[in-house]
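Residue numbers (this note's numbering), protein chains in the order written: chain D, 2 to 557; chain Z, 3 to 299. Just so you know, even glycine gets a beta-carbon here, dropped at the ideal spot from N, CA and C. One structure below.
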């Protein structure tokens, strides 16, 4: 097939050979056929598509965060503000239900999943030594279909949006109890986002399976590529199931079918099973790429290789497979058979084992290392602590008697935000700071970055730690108001939001300022970490040329 | 890394385990459970009761105990990794440790940290499973059967044996009553959308769905007014679907039923009349050809 690299090759030679020669000297350097905005609209270059995914995710996160601000505003003044006898409510209960549903839908489908698609798109082809993804045009389509998806979802607010949460359980989400078109538009938004997911997944699987550079065997691939591969398999297998259940809900609403309507012989419980069959793997889709990024970042800034690479690969694959078998733990109070509850509880505990292996392996990577506290590393370290907390509350939720007490309470809200914010978002921010110089040639401000980190880290804990207690005390979730004794903790939680808001504003400000005002100064290896890392993206220029490398890199 | 670091690591894990057991002991001591003392019955104004601060059934109390045990076995994996992380941050910075060790695997260690957590999860799972069995053991011969129906946005209750229906108006002034120390079978359904009946002090939460009957059970062992709420998003006023259950002595329970116009089955009527000190209305025997009523018995 291709020429295998010589076995005994000195390390120095593998790193020193430049992989990029100036454009004028390169014999077949392509020139882009468009400039300016047309270049972005017509590109099939995985790097530009990756950057567009990241911008899309960033703006969606702003929208999701604004919705969260609305939720916190309502929960700070649950019965409104009374000024000279008149009660001014923050929002109506109907609008509040829409806010909570859309906050989750936006963060899941338009912020976190596209952010990882963006990093994957940008980095995976380069890391495996390919020039682009296997299907560049489908790659572009997978991104662009997210635009109408997001527009559909946002516009749904004009027609009552979804008052049934991002989970959309019927009968509440059926035509009878959500008569306006908002739910239909929400369903279409989810469908289009799902198409994006499936196409992206296909692309990643084919690219990683077929286009690795000579010598890059499976167990020489960077861990981020493994994470992207397993995530893609999850997306490919699970997302069509989501499409199925959404379609059934849509036909129930529009064509009077009876899948979930008891009066027609259907069953609302069926929806929950099919929905969660997708939505549990979805949470692994939303964390596994982050695990991969953190592995790269930690090894780089600890100055030593990742501990237990093979164990990490197996753990990632195991989490992916078992992730399909635990969906019932979202439904412990739904009325399942007793033996089924015991089974799902058992499997959920099983999946805690490989997750623990990963946490120990990261700690062992840090142990004995020579840690540089760049902003990217601080996010990786923060992730490790916060995700441990989220993982532990998850183990508690696997305990059925305890879960029955705290299901649909703020304990669950605490758990999901520790793993999605303390987990996924922290990895995304770490990845941003780590690979930003590679993508743009410029460094984000490290000093300001540390301020932003502490604002976000502190705010996150002030907001989500008290929620564990609120859930145990019995405060249900998705509620517009609550018992008086929960008031002071809710005010504290809203105070924490302000820290995160400040951090987010500073981050966006620095992002725009850096891209507009700073010059490109980053070398091939912006952090000086590739003597340990040895990943290909740090062997080419910052940013890489359109064709990534002139010569396909040699695997060390 | 050197011998001092290895020693520090061992100390961290021992201390983490001890801290976990200490946390569990503190939680267990702070929330001792047991029946509410006479006269301290919660009113509508006092703090929310839950399975941890005022368990009012054997299931709730078992959950409380199991929670403390779970903290003891699981929290080592919360404290020790975080302490290890903090140790690494201070000890293995580039300034303190300029030459990083280059080890990147250790198979015996990796095997150990796969198997040991699995065994500890078993230690958590076995007692949890026992509480689950208790939760699933619905009384085969319940003293009281309570039918619960969730509506948008209130709860209605029916005692089929006594033909009494009440509705909770959400204010706490019209609670449903249950007798203390009696097995109550709860049968739930919904009229329109999904709801969930959740009374934290009883350790009870179960979804109610239209077109299905789901069940749970409770044996309230403390007297008082216990609050709960709907725990499944059901529409705009989901937050206002309050639940109020008042647990009272048997006599008060039957007096309340009588006041609501109950008819009592013949086999119970005599005993209840004696308890209340007055005659009670007996459920009329079904007519000889009334197959429906006969089937309902």
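From the options, residue whose alpha carbon lies closest to that of residue i
i: residue 70(D); options: 101(D), 47(D), 476(D); result: 101(D)
i: residue 202(Z); options: 403(D), 499(D), 493(D), 527(D); result: 403(D)
i: residue 529(D); options: 134(D), 218(D), 373(D); result: 373(D)
i: residue 336(D); options: 7(Z), 206(Z), 159(Z); result: 206(Z)
i: residue 465(D); options: 442(D), 485(D), 411(D), 516(D); result: 411(D)
i: residue 183(Z); options: 174(Z), 166(Z), 141(Z), 154(Z); result: 141(Z)
i: residue 497(D); options: 456(D), 324(D), 518(D); result: 456(D)
i: residue 42(D); options: 138(D), 157(D), 438(D), 124(D); result: 138(D)
i: residue 482(D); options: 95(D), 286(D), 176(D); result: 95(D)
i: residue 442(D); options: 546(D), 430(D), 418(D); result: 546(D)
i: residue 387(D); options: 84(Z), 10(Z), 16(Z); result: 84(Z)
i: residue 330(D); options: 343(D), 73(D), 550(D); result: 343(D)
i: residue 417(D); options: 427(D), 438(D), 391(D), 397(D); result: 391(D)
Residue i: first and last residue of the uninterrupted beta strand (DSSP E) it sits in
i: residue 159(Z); result: 156 to 161
i: residue 422(D); result: That residue, residue 422(D), is in no beta strand (DSSP E); it is neither H nor E in DSSP.
i: residue 150(Z); result: 146 to 153
i: residue 2(Z); result: The structure shown has nothing for residue 2(Z), since chain Z only spans 3 to 299.
i: residue 236(Z); result: Element bounds for residue 236(Z): n/a, residue is neither H nor E.
i: residue 554(D); result: No beta strand (DSSP E) contains residue 554(D), which DSSP labels as neither H nor E.
i: residue 189(Z); result: 186 to 192
i: residue 171(Z); result: Note, residue 171(Z): premise wrong, no beta strand (DSSP E); not H, not E.
i: residue 84(D); result: 82 to 84
i: residue 181(Z); result: 178 to 181
i: residue 89(D); result: 87 to 89
Residue i: CB within 7 angstroms of a non-hydrogen atom of the ligand ADP
i: residue 138(Z); result: The model depicted lacks the ligand ADP and carries no ligand whatsoever.
8 angstroms Cβ cutoff, residue i in contact with chain Z
i: residue 1(D); result: Given a span of 2 to 557 for chain D in the structure shown, any question on residue 1(D) remains unanswerable.
i: residue 360(D); result: yes
i: residue 22(D); result: A caution first: residue 22(D) carries a pLDDT of 49, below 50, which makes its placement in the model too unreliable to give a value.
i: residue 354(D); result: yes
i: residue 228(D); result: no
i: residue 185(D); result: no
i: residue 396(D); result: yes
i: residue 443(D); result: no
i: residue 447(D); result: no
i: residue 514(D); result: no
Residue range of the alpha helix (DSSP H) that includes residue i
i: residue 226(D); result: 224 to 255
i: residue 524(D); result: Here residue 524(D) belongs to no alpha helix (DSSP H), and DSSP marks it neither H nor E.
i: residue 390(D); result: 376 to 399
i: residue 208(D); result: 183 to 211
i: residue 460(D); result: 447 to 474
i: residue 296(D); result: 289 to 303
i: residue 199(Z); result: Note, residue 199(Z): premise wrong, no alpha helix (DSSP H); beta strand (DSSP E) at 197 to 201.
i: residue 340(D); result: 339 to 367
Chain D within 8 angstroms of residue i, Cβ atoms only
i: residue 32(Z); result: no
i: residue 52(Z); result: yes
i: residue 283(Z); result: no
i: residue 193(Z); result: no
i: residue 249(Z); result: no
i: residue 87(Z); result: yes
i: residue 280(Z); result: no
i: residue 205(Z); result: yes
i: residue 91(Z); result: yes
Contacts that residue i makes with chain Z (C-beta to C-beta distance below 8 angstroms)
i: residue 176(D); result: Chain Z residues near residue 176(D): none, gap ~12 angstroms exceeds 8 angstroms.
i: residue 166(D); result: 235
Beta-carbon neighbours of residue i, restricted to chain Z and to distances below 9 angstroms
i: residue 350(D); result: 120, 123, 124, 126, 127
i: residue 43(D); result: Here the premise fails: no neighbours, minimum Cβ distance about 44 angstroms.
Where residue i meets chain D, residues with beta-carbon distance less than 7 angstroms
i: residue 3(Z); result: 368, 369
i: residue 133(Z); result: 402
Within chain Z, partners of residue i - CB distance below 7 angstroms
i: residue 223(D); result: Those within 7 angstroms of residue 223(D) in chain Z number zero; the least Cβ separation is about 14 angstroms.
- Message: If the cut-off is 8 angstroms on Cβ atoms, which residues from the stretch 400 to 420 of chain D count as contacting chain Z, listed in chain order?
- Response: 400, 401, 402, 403, 405, 406, 408, 409, 410
- Mind checking the stretch 291 to 324 of chain D against chain Z and listing, in chain order, the residues whose C-beta falls within less than 8 angstroms of any C-beta there? 303, 304, 305, 306, 307, 308, 309, 310, 311, 312
- Interfacial residues, the stretch 12 to 31 of chain Z to chain D, with Cβ spacing under 7 angstroms: none
- Query: Between the stretch 212 to 246 of chain Z and chain D, which residues of the former have CB atoms less than 8 angstroms from a CB of the latter, in chain order?
  - Reply: 212, 213, 214, 216, 229, 230, 231, 232, 233, 234, 235, 236, 237, 238, 239, 240, 241, 242
- Mind checking the stretch 88 to 108 of chain D against chain Z and listing, in chain order, the residues whose C-beta falls within less than 8 angstroms of any C-beta there? 93, 94, 95, 98
- Message: Output needed in chain order: residues of the stretch 57 to 81 of chain Z with a Cβ under 9 angstroms from some Cβ in chain D.
- Response: 61, 62, 64, 65, 68, 69, 72, 73, 76, 77, 79, 80
- Query: When you check each C-beta in the stretch 147 to 181 of chain Z against every C-beta of chain D, which residues fall closer than 7 angstroms?
  - Reply: none
- Output, in sequence order along the chain, the residues in the stretch 97 to 108 of chain Z whose CB is closer than 8 angstroms to any CB in chain D. 99, 100, 101, 102, 103, 104, 105, 106, 107, 108
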